[in-house]
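Residue numbers (the numbering used here): 101 to 434.
Here is the structure we will look at.
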Ligand SMILES: [Zn+2]
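Here you go:
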């Protein structure tokens with residue numbers, strides 16, 4: 101049997117965690133043989149995974165064929181997996197130590213005074229008087245998007261953000277995002293990266309959606325958030341520099357912290373912090389013009405989808421390739 105490289109061992113170690121907790125692997129688009137091999141193994145035991153992680157950490161440190169940067173990346177991620185394995189095994193690990201092991205950061209309590217300043221500013225800005233929470237909620241409600249118009253708004257926002265991102269950060273021609281509405285989920289939106297520069301982004305159809313937050317949601321999940329990060333890494337690191345360790349995304353690891361941080365700053369990075377506020381009111385209309393993916397086109401998509409038997413707009417696709425991808429998705433019955 102051919103001896104596995106440390107990167108192959110890392111991929112298989114990460115994939116084993118998905119058998120302990122489904123969803124631990126956020127995305128995997130590498131060699132499918134690793135997934136098959138892991139599925140064929142006996143059920144993984146957390147204590148054994150912890151031991152495998154410790155052994156792998158030693159071998160990573162000794163692997164002179166890897167660049168220092170790749171060794172550092174693998175070391176940080178293997179340390180996170182070792183902690184996850186011990187946690188699954190029932191080891192008592194303090195919260196601060198757990199966060200340090202998972203994300204390679206030191207955390208401390210925030211300064212209460214900074215929150216007080218933010219609350220005072222909100223008190224100035226929000227209409228009315230009294231406790232902030234109901235006033236904030238009332239303000240949000242002003243920007244509520246009727247459920248039947250959410251697809252149209254998502255379509256327009258994604259098209260506009262994609263144009264902005266493409267201007268600054270070259271994306272592969274083939275990249276696409278297919279948006280869907282999902283139900284009974286604990287999140288407001290979720291990116292499923294499937295490889296070959298394709299993402300499926302689900303928007304929660306059970307939660308109210310607001311014009312004040314949808315731009316952040318779309319930027320976070322697609323442009324220039326998770327989808328963009330995945331595409332750039334697949335293009336530059338996986339295909340360009342042959343770094344297979346970048347084909348797996350694992351929760352509770354440093355890459356997870358970085359991805360969420362990047363995605364949370366995505367809207368501001370795309371259009372600037374001041375622009376983000378202004379765009380919240382104007383993006384749907386201007387976005388539609390800029391991409392040619394107009395609200396009326398979106399309505400046509402939804403009619404077509406109903407025509408093929410769907411009871412609600414189950415899926416729709418954005419940006420320059422919207423129509424071709426939409427048709428493909430529809431005819432496939434996905
Ligand atoms: Zn995220």
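Cβ atoms here follow ideal geometry from the backbone N, Cα and C, with glycine treated the same way.
Fair warning: this is a prediction, and the values are worked out from it, not measured in the lab.
On the criterion of 16 or more Cβ atoms from any shown chain inside 10 Å, does residue i qualify as buried, or is it exposed?
i, result
"residue 233", "exposed"
"residue 327", "buried"
"residue 141", "exposed"
"residue 202", "buried"
"residue 229", "exposed"
"residue 361", "exposed"
"residue 296", "exposed"
"residue 211", "exposed"
"residue 160", "buried"
"residue 293", "buried"
"residue 180", "buried"
"residue 144", "buried"
"residue 274", "exposed"
"residue 126", "buried"
"residue 87", "In the structure as shown, the chain starts at 101 and stops at 434, and residue 87 therefore has no counterpart that could be examined."
"residue 219", "exposed"
"residue 225", "exposed"
Alpha carbon to alpha carbon, how far is residue j from residue i? Give it in angstroms, no decimals.
i, j, result
"residue 331", "residue 231", "44 Å"
"residue 304", "residue 283", "6 Å"
"residue 350", "residue 199", "15 Å"
"residue 300", "residue 364", "19 Å"
"residue 137", "residue 235", "54 Å"
"residue 109", "residue 120", "17 Å"
"residue 461", "residue 279", "A question about residue 461 goes unanswered here, because the residues of the chain that appear run from 101 up to 434."
"residue 106", "residue 178", "11 Å"
"residue 188", "residue 347", "24 Å"
"residue 317", "residue 290", "9 Å"
"residue 67", "residue 359", "For the chain, the structure presents residues 101 to 434; residue 67 sits outside this window and is missing."
"residue 265", "residue 216", "35 Å"
"residue 259", "residue 246", "20 Å"
"residue 134", "residue 104", "11 Å"
"residue 269", "residue 329", "10 Å"
Let me check understanding here. Comparing Cα to Cα, which of the options lies closest to residue i?
i, options, result
"residue 240", "148, 116, 128 and 314", "314"
"residue 306", "288, 180 and 312", "288"
"residue 325", "348, 357 and 340", "357"
"residue 149", "126, 184, 130 and 160", "184"
"residue 207", "158, 351, 246 and 196", "196"
"residue 355", "122, 204, 116 and 253", "204"
"residue 238", "312, 115 and 168", "312"
"residue 342", "179, 130 and 144", "130"
"residue 286", "102, 118, 123 and 114", "123"
"residue 152", "115, 168 and 139", "115"
"residue 308", "267, 250 and 166", "250"
"residue 158", "193, 176 and 338", "176"
"residue 366", "338, 322 and 352", "322"
"residue 345", "302, 111 and 182", "111"
"residue 117", "156, 167, 333 and 182", "182"
"residue 338", "128, 113 and 102", "128"
"residue 248", "132, 281 and 194", "281"
Residues bridged to residue i by DSSP?
i, result
"residue 281", "303"
"residue 348", "128"
"residue 338", "In DSSP, residue 338 forms no bridge with anything."
"residue 297", "Answer is none; residue 297 lacks a bridge partner."
"residue 309", "245"
"residue 114", "DSSP output for residue 114 lists no bridge partner at all."
"residue 290", "302"
"residue 107", "Paired residue(s): none; residue 107 is not in a bridge."
"residue 276", "298"
What is the C-beta distance between residue i and residue j, in whole angstroms, given that I count them as a contact (C-beta under 8 Å)?
i, j, result
"residue 276", "residue 242", "Not a contact, Cβ separation roughly 33 Å."
"residue 370", "residue 319", "6 Å"
"residue 163", "residue 154", "Not a contact, Cβ separation roughly 15 Å."
"residue 272", "residue 335", "5 Å"
"residue 113", "residue 156", "6 Å"
Under 8 Å, Cβ to Cβ, is there at least one residue of chain C near residue i?
i, result
"residue 320", "Among the chains of the structure shown, chain C does not appear; only one protein chain is present."
| query | Under a criterion of Cβ closer than 6 Å to any non-hydrogen atom of ligand 2, which residues qualify, in chain order? | reply | With respect to small molecules bound, the structure shown includes ligand 1 and not ligand 2.
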